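Right, one structure below, let's go through it.
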Amino acid sequence: MAEQSLEAGHYSLVVLDLGLPDEDGLHFLARIRQKKYTLPVLILTARDTLTDKIAGLDVGADDYLVKPFALEELHARIRALLRRHNNQGESELIVGNLTLNMGRRQVWMGGEELILTPKEYALLSRLMLKAGSPVHREILYNDIYNWDNEPSTNTLEVHIHNLRDKVGKARIRTVRGFGYMLVANEEN
Numbered sequence: 001m002a003e004q005s006l007e008a009g010h011y012s013l014v015v016l017d018l019g020l021p022d023e024d025g026l027h028f029l030a031r032i033r034q035k036k037y038t039l040p041v042l043i044l045t046a047r048d049t050l051t052d053k054i055a056g057l058d059v060g061a062d063d064y065l066v067k068p069f070a071l072e073e074l075h076a077r078i079r080a081l082l083r084r085h086n087n088q089g090e091s092e093l094i095v096g097n098l099t100l101n102m103g104r105r106q107v108w109m110g111g112e113e114l115i116l117t118p119k120e121y122a123l124l125s126r127l128m129l130k131a132g133s134p135v136h137r138e139i140l141y142n143d144i145y146n147w148d149n150e151p152s153t154n155t156l157e158v159h160i161h162n163l164r165d166k167v168g169k170a171r172i173r174t175v176r177g178f179g180y181m182l183v184a185n186e187e188n
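In terms of UniProt numbering, the sequence shown opens at residue 1 and continues consecutively.
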């Protein structure tokens, strides 16, 4: 089931507990690495021996965190993995006529460069990674604010409004009670 979800969705990261109900998590990890999935994998487990850690990393995990752990440490490790993964090479995201170059942190729409603030860039990159799928408000909120900074409640909406002005109002849809979704082309 986990593999079907991975094939059907657009994910930025896998947090993998080795104690899966159907199989051992290391077998699952080996299989997805054989299928050339390159997204970062963080193993989260109670298996704490050095041999277990080495086995997990050798099979293809990018990080290994032993239970129990502090939630802040999990958040920091996820941010670091996403940062490293997003900064590899000159990878580009293309959705419709939008192109985002992750290495150069530049965005073009129809061949014309868009000038975005750092927060607008963070929002757009997350929405483009999940294009066609809704992204929860909390995920977007965490992408643009560090955990210590508590902005006003409508700040995310203001950044989304400004981003809509730049990429087209109909391209970023509000998913009521959940968050936002980027579509490939402006549709009414």
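Backbone N, C-alpha and C fix where the C-beta goes; we use that ideal spot for every residue, glycine too. These figures come from a predicted structure and were not determined experimentally.
* **Under the three-state DSSP convention, the category Y64 falls into** => Counting from one through the sequence shown, the residue named residue 64 turns up at place 64. The answer is strand: DSSP assigns Y64 an E or B state.
* Measure the C-alpha to C-alpha separation of R173 and L182 and round it to an integer number of angstroms. => Within the sequence shown, the letter at position 173 stands for residue 173. Within the sequence shown, the letter at position 182 stands for residue 182. In a straight line, the C-alpha of R173 is about 6 Å away from that of L182.
* Asked: Taking C-alpha atoms, which residue in D165, G177, K130 and R176 lies nearest to A184?
  -> Working through the sequence shown from its first residue, we reach residue 184 at position 184. Measuring from the Cα of A184, the nearest candidate turns out to be K130.
* How many whole angstroms separate the CB atoms of residue 205 and Y64, which I take to be in contact at a CB cut-off of 8 Å? -> The shown model of the chain, from 1 to 188, leaves out residue 205, and the question about it has no answer.
* I160 burial status per 10 Å Cβ neighbour count (16 or more: buried) -> On the sequence shown, residue 160 is found 160 positions in, with the first residue counted as 1. I160 comes out buried.
* Please report how far the alpha carbon of L16 lies from the alpha carbon of L26, in whole angstroms. => Position 16 of the sequence shown, counted from the start, is the residue given in the question as residue 16. Position 26 of the sequence shown, counted from the start, is the residue given in the question as residue 26. In this structure, the alpha-carbon of L16 lies about 9 Å from that of L26.
* Give the DSSP-derived three-state secondary structure of L124 in the structure shown. => Position 124 of the sequence shown holds residue 124. Shown here, L124 sits in a helix according to DSSP, grouped into three states.
* Give the C-beta separation of Y180 and V135 to the nearest angstrom, bearing in mind that I take them to be a contact with Cβ-Cβ under 8 Å. => Start at 1 with the first residue of the sequence shown, and residue 180 comes out as number 180. Start at 1 with the first residue of the sequence shown, and residue 135 comes out as number 135. Contact flag correct, Cβ pair sits at about 6 Å.
* Exposed or buried, what is F28 when buried is set at 16 or more other beta-carbons lying within 10 Å of its beta-carbon? -> In the sequence shown, residue 28 corresponds to position 28, counting from 1. That one is buried.
* Asked: For E113, does the three-state DSSP call read helix, strand or coil?
  -> Against the sequence shown, residue 113 aligns to sequence position 113. In the three-state DSSP reduction, E113 falls in the strand class (E or B).
* What is the residue span of the beta strand (DSSP E) that Y180 lies within? -> For the purposes of this step, residue 180 is identified with residue 180 of the sequence shown, where counting begins at 1. According to the DSSP assignment, Y180 belongs to the beta strand (DSSP E) that extends over G179 to L182.
* A70 beta carbon near the ligand GDP (any heavy atom closer than 7 Å) -> Among the components of this structure there are no ligands whatsoever, and the ligand GDP is therefore not found.
* **Rounded C-alpha distance that separates L82 from S12** => Here residue 82 refers to the residue found at position 82 of the sequence shown. Here residue 12 refers to the residue found at position 12 of the sequence shown. The alpha-carbon separation between L82 and S12 amounts to approximately 7 Å.
* Asked: Could you give the C-beta distance for H85 and L39, rounded to a whole number, given that I count them as a contact under 8 Å?
  -> By one-based count along the sequence shown, residue 85 stands at place 85. By one-based count along the sequence shown, residue 39 stands at place 39. Indeed, because the Cβ distance is near 7 Å, the residues count as touching under 8 Å.
* Asked: How many angstroms separate the CA atom of I54 from the CA atom of Y37?
  -> If you number the sequence shown from 1, residue 54 lands on position 54. If you number the sequence shown from 1, residue 37 lands on position 37. If you draw a straight line from the Cα of I54 to the Cα of Y37, it comes to about 20 Å.
* **Straight-line Cα distance separating D52 from R104** => In the sequence shown, residue 104 corresponds to position 104, counting from 1. In the sequence shown, residue 52 corresponds to position 52, counting from 1. Cα to Cα, the separation comes out at about 38 Å.
* Asked: Between M109, V158, R126 and K35, which lies nearest to G168 when the distance is taken from Cα to Cα?
  -> Locating residue 168 in the sequence shown gives position 168, where the first residue counts as 1. Looking at the Cα atoms, M109 is the closest of the given residues.
* To do: Given a cut-off of 8 Å, decide if A30 and V59 are closer than it, judged by their beta-carbon atoms.
  => The residue you call residue 59 lines up with position 59 of the sequence shown. The residue you call residue 30 lines up with position 30 of the sequence shown. Yes; because the gap between Cβ atoms is below 8 Å, this pair is in contact.
* Asked: Excluding sequence positions up to five away, which residues of its chain have a Cβ less than 6 Å from the Cβ of G56?
  -> Position 56 of the sequence shown, counting from 1, holds the residue named residue 56. If we look at G56 and ignore the five residues flanking it on each side, its Cβ neighbours are I43 and Y64.
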